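**Q**
Chains as they are written, first to last, in my numbering: chain A, 1 to 333; chain B, 334 to 772.
(1) Which runs of the alpha helix (DSSP H), 4 residues or longer, sit entirely within the stretch 77-129 of chain A?
(2) Grab the span of the alpha helix (DSSP H) containing residue 204 of chain A for me, first residue to last.
(3) Using a Cβ-Cβ distance under 8 Å, would residue 536 of chain B count as near chain A?
(4) Under three-state DSSP, which class holds residue 737 of chain B?
(5) Under 7 Å, CB to CB, which of the residues in the stretch 730-741 of chain B have a partner in chain A?
(6) Thinking just about the alpha-carbon of each residue, which of A/208, A/273, A/250 is nearest to the one in residue 226 of chain A?
(7) Taking 8 Å as the CB-CB cut-off, is residue 267 of chain A touching chain B?
(8) Taking Cβ positions only, does residue 136 of chain A come closer than 8 Å to chain B?
(9) Determine the direct distance from the alpha carbon of residue 410 of chain B to that of residue 402 of chain B, and round the result to whole angstroms.
(10) Would you report the Cα separation of residue 664 of chain B and residue 654 of chain B, rounded to the nearest angstrom?
(11) State buried or exposed for residue 265 of chain A, treating a residue as buried only when at least 16 other CB atoms are found within 10 Å of its CB.
(12) Output needed in chain order: residues of the stretch 228-249 of chain A with a Cβ under 9 Å from some Cβ in chain B.
(13) Could you please give me the residues that DSSP links to residue 475 of chain B through a beta bridge?
(14) Is the CB-CB distance between residue 650 of chain B and residue 677 of chain B below 8 Å?
(15) Please decide whether residue 629 of chain B counts as near chain A, where near means a Cβ-Cβ distance under 8 Å.
(16) Taking a cut of 8 Å between CB atoms, which residues from the stretch 517-532 of chain B lie near chain A?
(17) Sort out for me which residues DSSP pairs residue 691 of chain B with in a bridge.
(18) Can you tell which of A/24, A/34, A/25 has its C-alpha closest to the C-alpha of residue 10 of chain A?
(19) Three-state secondary structure (DSSP) at residue 326 of chain A?
(20) Can you tell me where the beta strand (DSSP E) with residue 500 of chain B in it begins and where it stops?
(21) Let me see if you follow: with CB-CB separation under 8 Å, is residue 335 of chain A close to chain B or not?
(22) Please determine, among B/438, B/503, B/406, B/507, the residue with the shortest C-alpha to C-alpha distance to residue 457 of chain B.
(23) Please tell me whether residue 290 of chain A has its Cβ less than 8 Å away from any Cβ of chain B.
(24) On the CB-based measure, 16 or more other CB atoms within 10 Å of its CB, does residue 541 of chain B come out buried or exposed?
(25) Please decide whether residue 153 of chain A counts as near chain B, where near means a Cβ-Cβ distance under 8 Å.
(26) At 8 Å on the CB atoms, spell out the chain A contacts of residue 413 of chain B, in chain order.
(27) If I'm right that residue 509 of chain B touches residue 473 of chain B with Cβ under 8 Å, what's the distance once you round it to whole angstroms?
(28) Counting only Cβ pairs nearer than 7 Å, list the residues of chain B close to residue 132 of chain A.
(29) What does the alpha-carbon distance come out to for the pair residue 86 of chain A and residue 117 of chain A?
(30) Kindly say whether residue 713 of chain B, judged by its beta-carbon, lies nearer than 8 Å to any beta-carbon of chain A.
(31) Under 8 Å by Cβ, that's how I've got residue 286 of chain A and residue 331 of chain A pegged, so tell me the actual separation to the nearest angstrom.
(32) Is there contact between the stretch 125-142 of chain A and the stretch 178-197 of chain A, where contact requires at least three CB pairs shorter than 8 Å?
(33) Quick one: complete alpha helix (DSSP H) runs, 4+ long, within the stretch 136-162 of chain A?
(34) How would you write the range of the alpha helix (DSSP H) that residue 306 of chain A sits in, first residue to last?
(35) Using a Cβ-Cβ distance cut-off of 8 Å, determine whether residue 454 of chain B contacts chain A.
(36) Look at residue 602 of chain B and residue 584 of chain B and say whether their C-beta atoms are less than 8 Å apart.
Structure representation (structure tokens):
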């Protein structure tokens, strides 16, 4: 990311205030002011909108905001991104067609909107599908549009299985696919394991990656059969497993994070199974410990959640091994 | 790799391509890859990238437009390049013979003159001819692309110096052309149908919402057949005179048939609104027209007339309902209730009176209207239900129309957990946007 200039820093502050006060008019004013001053759209998106949005997520994580407050602030960021989109749609189309989508179960629509906007600013003729796109709908658009590129945003580990479906749909039609988002972590390991054509850490690198995509790609290789079979079984029994964990985990229900924590834990196991990358498991343990600490609960409950899950997953050999070797026995605060 | 980039692929060993068995395998590979796409252009790209480098060093696909007879030339050095030319430009040329008869033509290029007759008679574009000549080819091979009894185009291939097409190579090329033609023809048929569908769909997808001064407005739509993008639910927001109207409705049925009816309903309401903007009277007029028009179809509707104060501090909303769930009123302070407004479903009885109820929204208050796909969404624990909707919306008091609609959509879809559902439509209006909601 480029160093922020002074007006951009001021803008970031003003934009964050607009999100915190849910003041759409003020947020639009900041974004439109920057664009009018010639700040490139992708810089506005990356250094102002996306940066501020990360803090929105952090405020929920720290327990400062409810989910509704987080969503209200996000809606303001969405409105601001739409303003940037209106601006970039006036620029000429100089490249091919790009389809931008969120995997099914991915409800964070903003990152995909930002990527859509950044690609449009770079001259792509983009089509944006909204939050949680079912694979059938994606397939329909792939055939109807015949895009030169597909970009998929995935922030939730639980959406990685359908992201893999998207990779299959795209590469079966020979269409290259660039993926990105928090669920992929800080490098291309998971993207590569799932068979994506390219991985991007942020909007500018997504723009760069899209420029370098090959015209036609080969069908993605199948994933290891035992791991995918076990992940599919876990997915089928997800509600039941989550219910059992909820019943045994000792965290005070008033803390109100059990559902998120348990879902995330199971999803981390899915991710590790599909990608062979175990990092989501200890990271999820740490994330839960942070949530607990921020809400004045005992962070060591994160450790016991792993132990409960290990017991529940005794009939899932790969997952059991993953958990018993990667879920931390103690969490640093 | 620190911030992203293309993940490298294994490179095919070029030495392998010398064996005829391997070439036959490539024919299978290219054929399979092409059947993965129903998009004509993508299909052509699969073919053009698949033939290089094993079967040809350079290739173009010539495609005939059946309506105009004009030719599109795809490929060359860059597989994604396109050029156009007229049918007249190939009169009497070898390419025309291939296109008319579907028969293979193998022409030898005179070594001393690479831009010779052979290239000229097969490649009707100067730039492409130069590209081919630069390879100093010995032969140029023209193959008909014939599927289901029609020659749709031609595949023209060139190989560089010293790599002429043997008899066996021509046979492999013909096999490839036969496989490719079927895939291309399927893609052509699909594209034709999908173009018709897209043109019709255009008028039936939910409209973009207008910006209304003093009001914040948002919507979500998930059709039962999600990949169709259209269904039996609809909404519309428009201005008539100096007032704003919003309607949300549900035609009985799902899919394309229902969607066609929503298009007519939307048009009828817009037309009726020129003469009648009071929601009760508007629904009465619509009902009369609609019940005459369609003997056996009915429709549920909720209609809102919105009169916001210019500064966004308040808004008067008049509401009438035809056989539809009443709106949920979410006050900025969290008080949430479903308004007990009722009226007869439209399209059944020719003359019905609809009462109009008025509510006053203060800054941060919101109204949410929804179709029965919301409350009747069936999850593991039963129907989603209105109570759950009201509990959810209470948490979103003052959060703004978009956050509310997004929350309802996500909660309902998560409740469904992958189960089939009816069309789901949600529309929210919030007074004065969200200004000043939080400290």
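Virtual Cβ for every residue (Gly too), placed ideally from N, Cα, C. Model, not experiment: these values are computed from the prediction.
**A** Looking at the coordinates:
(1) 109-121
(2) Per DSSP, the continuous alpha helix (DSSP H) segment holding residue 204 of chain A begins and ends at 203-211.
(3) Cβ-Cβ to chain A under 8 Å: no for residue 536 of chain B.
(4) helix
(5) 732, 733, 735, 736, 739, 740
(6) A/273
(7) no
(8) yes
(9) 25 Å
(10) 21 Å
(11) buried
(12) 238, 239
(13) B/438, B/489
(14) no
(15) no
(16) Within the stretch 517-532 of chain B, the residues whose Cβ lies closer than 8 Å to any Cβ of chain A are, in chain order, 523, 527, 531.
(17) Looking at the DSSP assignment, residue 691 of chain B forms a beta bridge with B/651.
(18) A/34
(19) helix
(20) From DSSP, residue 500 of chain B is part of no beta strand (DSSP E) but of the alpha helix (DSSP H) over 500-535.
(21) Residue 335 of chain A lies beyond the stretch modelled for chain A, which goes from 1 to 333, so this question has no answer here.
(22) B/406
(23) no
(24) exposed
(25) No, residue 153 of chain A does not count as interfacial toward chain B.
(26) 96, 148, 215
(27) At roughly 16 Å, the Cβ-Cβ gap does not stay under 8 Å, so residue 509 of chain B and residue 473 of chain B are not in contact.
(28) 746
(29) Approximately 9 Å between the Cα atoms of the pair.
(30) Yes, because at least one Cβ of chain A sits closer than 8 Å to the Cβ of residue 713 of chain B.
(31) 6 Å
(32) no
(33) None, since the stretch 136-162 of chain A contains no complete alpha helix (DSSP H) of that length.
(34) 301-312
(35) No, because no Cβ of chain A sits closer than 8 Å to the Cβ of residue 454 of chain B.
(36) No, the pair does not count as a contact, with Cβ atoms beyond the cut-off.
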